[in-house]
């Protein structure tokens, strides 16, 4: 990916780009939506954050939240049939802003989907705790429909606050 | 993800190590189900001292096994969870179904 594309991506993303400030570091990752990539995705984001010396607990929180969002895309958005997941992260001195995007089926009622233990797939032993975990382990969470279909999950973790 | 087990005095000790997520969940379900099918067990102890990562997919796996055991009247306990896993189990209220024990 050339630097022009990277720049355009960071600038069009209002969330991953704190107003008026440039992140110290930025990453973008595009992966196939298969469950084998969950461990890869969470490890990449955790490694990306390592340079600002987060605590072990903060890193685990981030890994867990990323794993939840990626699993949602793999299982629900793409119904385990594959697709593209994009992960962007902007690192600041004391926080990381993470976006996870898919072009899958989306969620009709996001507010309901975010409720603890709500799942459309109880028969598959899904816990329905994915969004609750993201919300609890991160400091900010926003879930939005993407124009043209799909979902965008935005999360912020502050490194000063011990969760 | 690796699962080991040992039966002692009709207590089934199962150790689950590594990472438990969607990628290995079905493998975990199948392996755990084949182990807990064992008759004459009065309790299952799931040792999580070497489980370094788990997400909510793992919660679904645990609740599924809990229900199967409960139908037979066999309690399931969670032993020695790592700090990371303990935080998730606490958030999800799992210990009200599967008490936490240390040994």
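Chains as they are written, first to last, in my numbering: chain U, 26 to 188; chain H, 1274 to 1376.
Built from N, CA and C at the ideal position, the CB exists for glycine as well.
Presumed contact (8 Å Cβ cut-off) between residue i and residue j, rounded CB distance
i: residue 76 (chain U); j: residue 104 (chain U); result: Not quite, the Cβ-Cβ distance comes to about 36 Å (not below 8 Å), so this is no contact.
i: residue 1324 (chain H); j: residue 1290 (chain H); result: 6 Å
i: residue 152 (chain U); j: residue 1375 (chain H); result: Not a contact, Cβ separation roughly 24 Å.
i: residue 178 (chain U); j: residue 139 (chain U); result: Actually they are not in contact, since the Cβ atoms of residue 178 (chain U) and residue 139 (chain U) sit about 11 Å apart, beyond 8 Å.
i: residue 1305 (chain H); j: residue 1284 (chain H); result: Not a contact, Cβ separation roughly 15 Å.
i: residue 174 (chain U); j: residue 108 (chain U); result: That pair is no contact at about 11 Å.
i: residue 99 (chain U); j: residue 63 (chain U); result: 7 Å
i: residue 1296 (chain H); j: residue 61 (chain U); result: 5 Å
i: residue 112 (chain U); j: residue 70 (chain U); result: 7 Å
i: residue 176 (chain U); j: residue 102 (chain U); result: 6 Å
i: residue 95 (chain U); j: residue 66 (chain U); result: 5 Å
Counterpart residues of residue i in DSSP-defined beta bridges
i: residue 1284 (chain H); result: H:1281, H:1316
i: residue 127 (chain U); result: U:110, U:176
i: residue 1293 (chain H); result: H:1327
i: residue 1274 (chain H); result: According to DSSP, residue 1274 (chain H) bridges with nothing at all.
i: residue 182 (chain U); result: U:121
i: residue 1332 (chain H); result: Bridge partners of residue 1332 (chain H): none, in fact.
i: residue 51 (chain U); result: U:115
i: residue 1373 (chain H); result: H:1351
i: residue 209 (chain U); result: Nothing about residue 209 (chain U) can be read from this structure; chain U reaches only from 26 to 188.
i: residue 57 (chain U); result: U:109
Per-residue burial, residue i [other beta carbons within 10 Å of its own, 16 or more giving buried]
i: residue 120 (chain U); result: buried
i: residue 87 (chain U); result: buried
i: residue 171 (chain U); result: exposed
i: residue 37 (chain U); result: Low confidence applies to residue 37 (chain U): its pLDDT is 42, below 50, so where it sits in the model is not reliable enough to give any reading.
i: residue 1303 (chain H); result: exposed
i: residue 27 (chain U); result: Confidence is the limiting factor: at residue 27 (chain U) the pLDDT is only 40, short of 50, which leaves the residue's position unreliable, though a coordinate-based value still follows. Exposed, because fewer than 16 other Cβ atoms sit within 10 Å of the Cβ of residue 27 (chain U).
i: residue 1294 (chain H); result: buried
i: residue 145 (chain U); result: exposed
i: residue 217 (chain U); result: Within the shown structure, residues of chain U are numbered from 26 to 188, placing residue 217 (chain U) beyond reach of any answer.
i: residue 134 (chain U); result: exposed
i: residue 97 (chain U); result: buried
i: residue 30 (chain U); result: A caution first: residue 30 (chain U) carries a pLDDT of 41, below 50, which makes its placement in the model too unreliable to give a value.
i: residue 142 (chain U); result: exposed
i: residue 1354 (chain H); result: buried
Beta-carbon neighbours of residue i, restricted to chain U and to distances below 7 Å
i: residue 1332 (chain H); result: 152, 154
i: residue 1346 (chain H); result: Near residue 1346 (chain H) there are no residues of chain U at all, since even the closest Cβ is about 21 Å away, more than 7 Å.
i: residue 1342 (chain H); result: Residues of chain U passing the Cβ test: none, with the nearest at roughly 14 Å.
i: residue 1349 (chain H); result: Result: empty, since nearest Cβ-Cβ is about 15 Å, beyond 7 Å.
Contacts of residue i in chain U (Cβ-Cβ under 9 Å)
i: residue 1357 (chain H); result: 81, 82, 85, 86, 88, 89
i: residue 1337 (chain H); result: 150
Chain-ordered chain H contacts of residue i [CB-CB under 8 Å]
i: residue 93 (chain U); result: 1328, 1329
Residue i: contacting residues in chain H (beta-carbon distance under 9 Å)
i: residue 168 (chain U); result: Under the 9 Å cutoff, chain H gives no residues; its nearest Cβ is about 15 Å from residue 168 (chain U).
Chain U residues whose Cβ lies nearer than 8 Å to that of residue i
i: residue 1361 (chain H); result: 89, 158
i: residue 1285 (chain H); result: By Cβ distance, chain U contributes nothing, its closest Cβ being about 20 Å from residue 1285 (chain H), past 8 Å.
Neighbouring residues, chain H, relative to residue i (Cβ below 7 Å)
i: residue 161 (chain U); result: 1364
| query | For the segment 56–77 of chain U, which residues have a beta carbon sitting closer than 7 Å to at least one beta carbon of chain H? | reply | 60, 61, 63, 64
| What residues in the segment 131–151 of chain U have a beta carbon less than 7 Å from any beta carbon of chain H? | 150, 151
| If contact means a Cβ-Cβ distance below 7 Å, which residues of the segment 1305–1335 of chain H contact chain U? | 1326, 1328, 1329, 1330, 1332, 1333, 1334
| Between the segment 1290–1302 of chain H and chain U, which residues of the former have a C-beta closer than 9 Å to a C-beta of the latter? | 1292, 1294, 1295, 1296, 1297, 1298, 1302
| request: With 8 Å as the C-beta to C-beta threshold (strictly closer), list the residues of the segment 97–108 of chain U near chain H in chain order. | output: 99, 100
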